[in-house]
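Reading through the structure tokens given below for one structure.
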Amino acid sequence: DPYCVICKSKPVIKRTKHWYFDLPMFSEKLTEYIKNNRQLPNNARNFSLNFIKEGLKPRAVTRDVTWGIPAPFPEAEGKTVYVWIEAVLGYVSATIEHFKNLGQPEEWREYWFNKDAKTLYFIGKDNIPFHVVILPALLLASHEDYNLPWNVSATEFLQFKGEKASKSQKIGIWIDEALELFPPDYWRYFLMATRPETKDTNFSWELFIEKINSDLNDTFGNFIHRTLKFINTQFNDEIPEPKGLDEDDKHVLESLKEKVENIAEEIEACKLQSAVNNVTGISRMGNHYLNEKEPWNQIKKDRDKAANTIYVAAQIVKALAVVSAPFTPFAAEKLWKILDLSGSVHEQRWSKALERLPPHHKIAKAEPLFRKIEAEEAELNERLEKIREKLSKSV
78 DPYCVICKSK
88 PVIKRTKHWY
98 FDLPMFSEKL
108 TEYIKNNRQL
118 PNNARNFSLN
128 FIKEGLKPRA
138 VTRDVTWGIP
148 APFPEAEGKT
158 VYVWIEAVLG
168 YVSATIEHFK
178 NLGQPEEWRE
188 YWFNKDAKTL
198 YFIGKDNIPF
208 HVVILPALLL
218 ASHEDYNLPW
228 NVSATEFLQF
238 KGEKASKSQK
248 IGIWIDEALE
258 LFPPDYWRYF
268 LMATRPETKD
278 TNFSWELFIE
288 KINSDLNDTF
298 GNFIHRTLKF
308 INTQFNDEIP
318 EPKGLDEDDK
328 HVLESLKEKV
338 ENIAEEIEAC
348 KLQSAVNNVT
358 GISRMGNHYL
368 NEKEPWNQIK
378 KDRDKAANTI
388 YVAAQIVKAL
398 AVVSAPFTPF
408 AAEKLWKILD
418 LSGSVHEQRW
428 SKALERLPPH
438 HKIAKAEPLF
448 RKIEAEEAEL
458 NERLEKIREK
468 LSKSV
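Residue 78 is where the sequence shown starts when you use our numbering, and the numbers rise one by one after that.
And the structure:
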């Protein structure tokens, strides 16, 4: 006979009463909301429209469990609210609670009723129906003019070597383990560059090493370091003064402006994979520009041309400090300090990326922002096991 492994009690069949939310009542309004919301990603939109098309069913609001939020309905003593009802409404109640604690009890309305306010949700694809169907339906059911979700950025699944993550089976790498292995910027960059926005993606050490070594170190870090080192050694730590930029120089600066603006639009649209890959694209453009101009040869023949090249490259470096900050915040802050700019890079507006470093601005000594991963997969797996042993002993 079945029994509970914790308390040893056996299941009992009994009659019970539950309260239901009439979800089908909102099918038409939900369909209209989803079709008209162009901000929703395709996976969230398509799943939700199909979900509604298949026929919505009334959802039980109550549960016969002792944990959770007590059901506030008459005659519902001893029952609690179904977690996916109270959890999504928790976005509203958390906002209310936050502003109560700040002594501004009415300010929460600015976030939920002001039509200039936008609510944005980051979830896994298995939670799409709760955020694109159930939450909007609950808000509509209030008969108050709540802002419905503006964007629900739903990712597909990130698998570990082709398998679903499982802590009990040691499938995957958990955040405490990850930070013992490599700096946060490495993980942030990798997870954004491979973010499963349209399909499931797969973690492997081979791909991780390739992304860090090729993108972060050899492309992003290399362009910045070679530019700053050249300023240190050839221009006495000063941004050189340009004298008559040529068409190539102007074209690169114009391309930089377009790329910075595009990255902002991609972040706004939650296309984070594309955004971070375009940050790397800026440094790739910078490397190509230096290789074409060859300032190490220019300076032997025409110092003014070399000055123009390095002036332009320095503006790319400055822009990279700002646009990389959401993805590699520690490296961006370090770069900001090397550029000897005031404040923190994380306090700057996006437009600061395109404000040019003035001629004769002094910078500090260049330092590498990243280091290559020299270890191979077997060594990394061995290190991971040792970290797990250490962490298990500290619990």
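All C-beta atoms, glycine included, are put in the ideal place defined by N, C-alpha and C.
{"Check": "Check whether THR139 and LYS156 have beta carbons under 7 Å apart", "Outcome": "yes"}
{"Check": "DSSP state of VAL142 mapped onto helix, strand, coil", "Outcome": "coil"}
{"Check": "First through last residue of the alpha helix (DSSP H) which encompasses GLN181", "Outcome": "Where GLN181 is concerned, there is no enclosing alpha helix (DSSP H), given that its DSSP letter is neither H nor E."}
{"Check": "Other residues of its chain near THR93: CB distance less than 7 Å, five sequence neighbours each side excluded", "Outcome": "ASP141"}
{"Check": "Cβ pair count under 8 Å reaching 3, the stretch 188 to 205 against the stretch 219 to 231", "Outcome": "yes"}
{"Check": "Endpoints, the alpha helix (DSSP H) within which ALA391 is located", "Outcome": "380 to 400"}
{"Check": "DSSP bridge partner residues for SER243 (one or two, in chain order)", "Outcome": "ILE248"}
{"Check": "Among GLU315, PHE404, LEU235, ALA384, the one whose alpha carbon lies nearest that of ASP277", "Outcome": "LEU235"}
{"Check": "Buried or exposed by the 16-neighbour rule on C-beta atoms within 10 Å, applied to LYS348", "Outcome": "buried"}
{"Check": "Assigned secondary structure, GLU315 (DSSP; H/G/I helix, E/B strand, else coil)", "Outcome": "strand"}
{"Check": "Cutoff 7 Å: ILE83 Cβ touching any chain C Cβ", "Outcome": "Absence of chain C from the displayed structure is noted, only one protein chain being present."}
{"Check": "Cβ neighbours of LYS106 in the same chain (closer than 7 Å, five flanking residues each side left out)", "Outcome": "LEU217"}
{"Check": "Close Cβ partners of LYS449 (< 7 Å) along its chain, the five nearest in sequence each way excluded", "Outcome": "ASN290, ASN294"}
{"Check": "DSSP-derived helix/strand/coil call for LYS157", "Outcome": "The residue asked about is misnamed: residue 157 is Thr in this sequence, not Lys. Residue state, collapsed to three classes: strand."}
{"Check": "Pair within 7 Å by beta-carbon distance, TYR266 and PHE404", "Outcome": "yes"}
{"Check": "Beta-carbon spacing of TRP96, PHE150 below 7 Å", "Outcome": "yes"}
{"Check": "Per-residue DSSP class, three states only, for PHE68", "Outcome": "Any answer about residue 68 is impossible in this case: the structure gives the chain only from 78 up to 472."}
{"Check": "contact_flag[the stretch 325 to 339, the stretch 421 to 432] where n(CB pairs < 8 Å) is 3 or more", "Outcome": "yes"}
{"Check": "Residue span of the alpha helix (DSSP H) that contains ALA352, given as start and end", "Outcome": "349 to 370"}
{"Check": "Beta-carbon spacing of VAL165, PHE128 below 7 Å", "Outcome": "no"}
{"Check": "Inter-stretch contact (C-beta, 8 Å, three-pair minimum) for the stretch 389 to 401 and the stretch 409 to 429", "Outcome": "yes"}
{"Check": "Sub-7 Å separation of ALA121 and VAL229 beta-carbons", "Outcome": "yes"}
{"Check": "Own chain partners of ARG460 with C-beta closer than 7 Å, once the 5 adjacent residues on each side are dropped", "Outcome": "LEU258"}
{"Check": "Under 7 Å between C-beta atoms of VAL422 and ILE340", "Outcome": "no"}
{"Check": "LYS439 in three-state terms, based on DSSP", "Outcome": "strand"}
{"Check": "Length of the line joining the Cα atoms of HIS302 and THR271", "Outcome": "25 Å"}
{"Check": "Three-state class that DSSP yields for SER230 in the structure shown", "Outcome": "strand"}
{"Check": "Sequence-distant residues of its chain with Cβ nearer than 6 Å to LYS288 (five each side left out)", "Outcome": "PHE267, ALA270"}
{"Check": "Classification of VAL89 by the beta-carbon crowding that lies within 10 angstroms, buried from 16 upward", "Outcome": "exposed"}
{"Check": "Residues that DSSP places opposite GLN116 in a beta bridge", "Outcome": "Paired residue(s): none; GLN116 is not in a bridge."}
{"Check": "Strand pairing of LEU235, partner residues [DSSP]", "Outcome": "THR278"}
{"Check": "Neighbour-count burial assignment, SER125, 16 or more Cβ in a 10 Å radius", "Outcome": "buried"}
{"Check": "Nearest-angstrom Cβ-Cβ length linking LYS306 and ALA408, presumed shorter than 8 Å", "Outcome": "That pair is no contact at about 16 Å."}
{"Check": "Alpha-carbon spacing of GLY298 relative to MET362, whole angstroms", "Outcome": "13 Å"}
{"Check": "Best match in ALA391, GLN425, TYR388 for proximity to PRO406 [C-alpha to C-alpha]", "Outcome": "GLN425"}
{"Check": "Cβ pair THR304, ALA390 closer than 7 Å", "Outcome": "yes"}
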